[in-house]
Amino acid sequence: WDRVVFAYSIAEALRDGVLVDFRVHRGTIEDDRDAEVLRMLERDPPRGPWVASADSIADAAEFADRLAAHGYSAAAIHSRQPKTARRGLLADLEARRVDALAFPELLKEGVDLPWLSGVVLRRRVQRVGLIQTLGRVVRCHPGKTYADVWDPHDLLAEHGLTHTAALGDAAPEPEPAPDGWPLLDLPPIGRPVPLATAVDAIGVWAREMVLAMELGRDSAQYGTGWRQ
36 WDRVVFAYSI AEALRDGVLV DFRVHRGTIE DDRDAEVLRM LERDPPRGPW
86 VASADSIADA AEFADRLAAH GYSAAAIHSR QPKTARRGLL ADLEARRVDA
136 LAFPELLKEG VDLPWLSGVV LRRRVQRVGL IQTLGRVVRC HPGKTYADVW
186 DPHDLLAEHG LTHTAALGDA APEPEPAPDG WPLLDLPPIG RPVPLATAVD
236 AIGVWAREMV LAMELGRDSA QYGTGWRQ
């Protein structure tokens, strides 16, 4: 598996409705980062559940308290909490029992929260970390046409990530296959791919192809190459 045989681009994901674009709300920090964040939220209020990045566990807790002082229902979520507590916080956020969660690292990657409506980029991160954070909020969800990104540091402009399609620029280009190993020409699926299941369709096709070759490995159609 050292060659890419199929690539599904960010642009295609946008076209298919697997991802949504995001709307950027820019700010200007003069002295107090969180004072500017609060001004931004007042100017462009969240439309649904949202999260905010934090520098540390302590910073997440302090920002959640500051949000609470300004009328938001908020809490910190982090890896030192029991799993049951973290699951409860995410359930509360999805159900709108809380407005927002502040996180240092926990929600940056490895979680699927398509119902999130936006993220506040309080923490300065490098390009890869920024892409991972944006990936939490651009997943499709019923009724979700775009995500909100509050960017007080103007990180998106700094890293050239001003819209969802630009996230694809971070992915390496597929290497050309060596002679004798052309890229697979996948058959058309024949119907629109359901939301967020495009990769599953490829998996189904691959399993069907393997089964067909297993059943016909000695046939003239496949020859002896498959057995080798």
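In this text, residue positions in the sequence shown follow the numbering used here: the first is 36, and each later residue adds one.
Note that beta-carbon positions come from the ideal geometry of N, C-alpha and C, so glycine has one too.
What you are looking at is a predicted structure, and each value in this text was computed from that prediction instead of being measured.
Given a cut-off of 7 Å, decide if residue j and residue i are closer than it, judged by their beta-carbon atoms.
i    : j    : result
G164 : D183 : no
A126 : A110 : no
G83  : M75  : no
L136 : V86  : yes
Figure out for me which residue from the options has the closest Cα to the Cα of residue i.
i    : options                   : result
H60  : D67, R78 and E243         : R78
L190 : V172, V173 and V160       : V160
I7   : I166, R242 and V146       : Past the boundaries of the shown model lies residue 7; the chain is included only from 36 to 263, so the question cannot be answered.
V53  : T197, D186, W185 and V173 : V173
E65  : L246, P187, T119 and V245 : P187
Using a Cβ-Cβ cut-off of 8 Å (strictly less than) and excluding sequence neighbours within five positions of residue i, which residues of its own chain qualify?
i    : result
L49  : V55, D56, T199 and A200
T180 : V55
L141 : I112, H113, S114 and R121
P149 : R174, C175, H176, K179 and A231
Since residue i and residue j should fall inside the 8 Å C-beta cutoff, what is the C-beta to C-beta distance between them, to a whole number of angstroms?
i    : j    : result
D134 : Y107 : 5 Å
F138 : H176 : No, F138 and H176 are not in contact; Cβ-Cβ is about 19 Å, not under 8 Å.
R171 : V146 : 7 Å
Out of curiosity, what's the CA-to-CA distance linking residue i and residue j?
i    : j    : result
E71  : R162 : 22 Å
P80  : L73  : 10 Å
Q116 : E129 : 18 Å
L169 : W240 : 30 Å
L151 : S88  : 14 Å
R242 : V40  : 15 Å
R68  : G195 : 22 Å
I92  : M248 : 53 Å
Less than 6 Å between C-beta atoms, sequence neighbours within five positions excluded: which residues of the same chain meet that for residue i?
i    : result
W185 : H60, M75 and V155
Apart from the five residues just before and just after residue i, which ones in its own chain have a Cβ nearer than 7 Å to its Cβ?
i    : result
L202 : I45, I166, L169 and L196
R131 : P84
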